[in-house]
Amino acid sequence: MSGTIYVARDAAHARMAEAIENGDPLPFDPEGQVVYFTGPAPARPGHPLGPAGPTTSSRMDPYSPLLIERGLRGMIGKGMRSEEVRDAMREHGCVYFGAVEGTAALLARRVKEAEIIAYEDLDAEAVRRLVVEDFPVVVINDLYGGDLYLEGRERWRRAQ
Amino acid sequence: MREILIDAVTQAVRDLCIDANTRLPEDHLSALRRALDEEESPLGREVIERLLENAEVAREECIAFCQDTGYAVFFVEVGTEVRFVRGEIAEAIDEGVRRGYEDGYLRKSIVRSPVERTNTGDNTPAIVYYDLVPGDGLKITMLVKGAGCDNMSALKMLTPAEGVPAMKRFVVETIEKAGPNASPPLTVGVGIGGPFEKAAQLAKKALTRTSGEPNPDPELAQLERDLLEEINATGIGPAGYGGKVTALAVHVESFPTHIAAFPVAVNLDCHSHRTSSVEL
Chain P
4 MSGTIYVARD
14 AAHARMAEAI
24 ENGDPLPFDP
34 EGQVVYFTGP
44 APARPGHPLG
54 PAGPTTSSRM
64 DPYSPLLIER
74 GLRGMIGKGM
84 RSEEVRDAMR
94 EHGCVYFGAV
104 EGTAALLARR
114 VKEAEIIAYE
124 DLDAEAVRRL
134 VVEDFPVVVI
144 NDLYGGDLYL
154 EGRERWRRAQ
Chain X
2 MREILIDAVT
12 QAVRDLCIDA
22 NTRLPEDHLS
32 ALRRALDEEE
42 SPLGREVIER
52 LLENAEVARE
62 ECIAFCQDTG
72 YAVFFVEVGT
82 EVRFVRGEIA
92 EAIDEGVRRG
102 YEDGYLRKSI
112 VRSPVERTNT
122 GDNTPAIVYY
132 DLVPGDGLKI
142 TMLVKGAGCD
152 NMSALKMLTP
162 AEGVPAMKRF
172 VVETIEKAGP
182 NASPPLTVGV
192 GIGGPFEKAA
202 QLAKKALTRT
212 SGEPNPDPEL
222 AQLERDLLEE
232 INATGIGPAG
242 YGGKVTALAV
252 HVESFPTHIA
262 AFPVAVNLDC
272 HSHRTSSVEL
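These protein sequences, in sequence, are chains P and X.
Quick note on our numbering: the first sequence kicks off at 4 and runs consecutively.
Quick note on our numbering: the second sequence kicks off at 2 and runs consecutively.
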């Protein structure tokens, strides 16, 4: 993946949900965008972003449909999503991508620009805009009910 | 009595925090390389190759290989003939964590309370388990514990009648349920016996053992081999994308228990298996 993506995790999602409830503006318009679930480590001088691998996406399950309904087109994370999220993805057209967790140092190298755009007080959990280049992801849940986690496990399961 | 200056403890803990978070231990790297040989799934192989490459980059640039630099957990063996000079060991460990997480550009991930959730800002308090041992030595072992895999851990109070088959089922079910969320290939810590909290603590401590080193008790070592085989038959694979290698090692630790009890705790560790040790 190359282009602009937005970073948000637990606390930022909770605030965005609150903003939606109160009719307040969101830190970015989700229409046509991709959100990456991560909370980076601090950057060493000269690096745009510290190590930043994906965190467990299911913690964002209660919030994701709110963004998907508002036009979010993609999410990057790790781990399974709830049925509600997968239904919302199919209904509104959103793809769930996996990045390899624990490759935070490698992934940070593909980040060319990073800036905090909202909730700065949340520090590692602030909302950031990133520009990434050749950011390696695989499709976990597509628009047609495909699920790499289920298919992969089924393909490699051995009888005991 | 042997006297240990408290500053030496602080410095050692600071260095452990940076070392554990930026350099994967050699035994764990070897386990990943063996996994690469065993894995047949192309996507699974690619994941393991990326993990090995990531470990190299982190080491070269002295940056954390996973952004979740976790809870700072310590197992401390203190000799009964040791006396700390110019300070207390608990405070020295917290101070070492404070410095290590700041100097090492590590993420501060601890909140003041599960309810109130304000970040403590320096990754303290450390989680410390002390063992008093004979002699005048001091050994500090650090385990950096990420939340993704800790969240998928579980404990169950089985009955003696349910026994070993139920224990094995529970371990495998815990891993099946965790699926990709715990970030396989895993290191699996299993604690059996003791009362409730002892099993959990054993499961955590089991993670600090050299990767794949069998339990000295032959019966438990066999249990470890059986569990590893069953876990790797699940097909979950590296990153949960499907494959032959779901766990790199299973470490079982056991403790005497009650005539009415068979507690079992499963503590999962992701592929960023971070442990480092120092003797003073």
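Quick reminder that beta carbons are idealized off the backbone N, C-alpha and C, glycines included.
8 Å contact criterion, which residue i and residue j should meet: CB distance rounded
i: A102(P); j: T70(X); result: With 8 Å as the limit, A102(P) and T70(X) do not qualify as a contact, their Cβ atoms being about 18 Å apart.
i: T276(X); j: L156(X); result: Their Cβ separation, rounded to whole angstroms, is 21 Å, which puts T276(X) and L156(X) out of contact at 8 Å.
i: F256(X); j: K199(X); result: 6 Å
i: G74(P); j: P33(P); result: 5 Å
i: V135(P); j: M4(P); result: 6 Å
i: E278(X); j: I90(X); result: At residue 278(X) the sequence reads Ser, which differs from the Glu that was named. S278(X) to I90(X), Cβ: 16 Å. No contact.
i: K235(X); j: R156(P); result: For clarity, residue 235(X) is Thr in the given sequence; the question names Lys instead. Correct: roughly 7 Å between the Cβ atoms.
i: A183(X); j: E254(X); result: 19 Å between Cβ atoms; not a contact.
DSSP state of residue i mapped onto helix, strand, coil
i: F171(X); result: helix
i: R84(X); result: strand
i: R77(X); result: Note on identity: in this sequence residue 77(X) is Val, with Arg being the wrong assignment. Here V77(X) sits in strand by DSSP.
i: D150(P); result: strand
i: K206(X); result: helix
i: L52(P); result: coil
i: A117(P); result: strand
i: K109(X); result: coil
i: Y102(X); result: helix
i: T160(X); result: coil
i: D132(X); result: strand
i: V103(P); result: coil
i: G190(X); result: strand
i: N120(X); result: strand
i: D270(X); result: strand
i: M78(P); result: strand
Chain P contact for residue i (CB, 7 Å cutoff)
i: R114(X); result: Strictly speaking, residue 114(X) in this sequence is Ser, with Arg absent from that position. No, no contact with chain P.
i: S42(X); result: yes
i: L231(X); result: With the sequence shown as reference, residue 231(X) is identified as Glu, and Leu is not the correct amino acid for it. So yes, E231(X) belongs to the interface.
i: V145(X); result: no
i: G236(X); result: yes
i: G190(X); result: no
i: C67(X); result: yes
i: A91(X); result: no
i: A36(X); result: no
i: V58(X); result: yes
Contacts of residue i in chain X (Cβ-Cβ under 9 Å)
i: K81(P); result: G149, P181, N182, S184, A240 and G241
i: E72(P); result: Neighbours of E72(P) on chain X: none; closest Cβ ~25 Å, over 9 Å.
CB contact check: residue i to chain X, cutoff 7 Å
i: Y99(P); result: no
i: L109(P); result: yes
i: P54(P); result: yes
i: P45(P); result: yes
i: L151(P); result: yes
i: G35(P); result: no
i: R132(P); result: no
i: R113(P); result: no
i: G155(P); result: yes
i: R160(P); result: yes
Chain P contact residues for residue i, given Cβ-Cβ distances below 7 Å
i: S273(X); result: G105
i: E54(X); result: L109
Under 9 Å from the C-beta of residue i: neighbouring residues of chain P
i: V48(X); result: V103 and T106
i: N120(X); result: L125, D126, A127 and E128
Beta-carbon proximity list for residue i, same chain, < 8 Å, skipping 5 on both sides
i: I237(X); result: I176, E177, G180, P181, P185, G243, G244 and T247
i: L69(P); result: M19, A20 and I23
i: N25(P); result: none
i: A162(X); result: none
Same chain, Cβ closer than 6 Å to residue i, five either side skipped, listed in chain order
i: A129(P); result: I119, Y122 and E123
i: V251(X); result: V189, E225, L228 and L229
i: F171(X); result: K157 and V265
i: G53(P); result: P43, A44, P45 and A46
i: R46(X); result: E40
i: P30(P); result: I120, A121 and V130
i: R51(X); result: none
Cross-chain neighbours of residue i in chain P, by beta carbon under 8 Å
i: Y106(X); result: A44, P45, A46, R47 and G53
i: E62(X); result: R47 and A108
i: T276(X); result: Within 8 Å Cβ-Cβ: nothing; T276(X) doesn't reach chain P, min ~15 Å.
Spatial neighbours of residue i in its chain, beta-carbon cut-off 7 Å, leaving aside the 5 residues before and after
i: A56(X); result: L25, L30 and F66
i: G56(P); result: T41, A102, E104, G105, T106, A107 and L110
i: M83(P); result: S61 and Y152
i: R99(X); result: D123 and T125
i: D20(X); result: S277
i: H95(P); result: I71 and E72
i: S273(X); result: F66, C67 and G147
i: P51(P); result: V114, K115, E116 and A117
Within chain X, partners of residue i - CB distance below 7 Å
i: S61(P); result: N182
i: E86(P); result: Per Cβ cutoff of 7 Å: no residues; E86(P) is ~15 Å from chain X at best.
Cross-chain neighbours of residue i in chain X, by beta carbon under 8 Å
i: E116(P); result: Going along chain X, no residue has its Cβ under 8 Å from E116(P), so there is no contact; the nearest lies around 18 Å.
Residue i beta carbon near the ligand ATP (any heavy atom closer than 6 Å)
i: I120(P); result: The ligand content of the structure shown is nil, which means the ligand ATP is not present either.
> What residues in the region 241–257 of chain X have a beta carbon less than 7 Å from any beta carbon of chain A?
Replying inline: Among the chains of the structure shown, chain A does not appear; the protein chains present are P and X.
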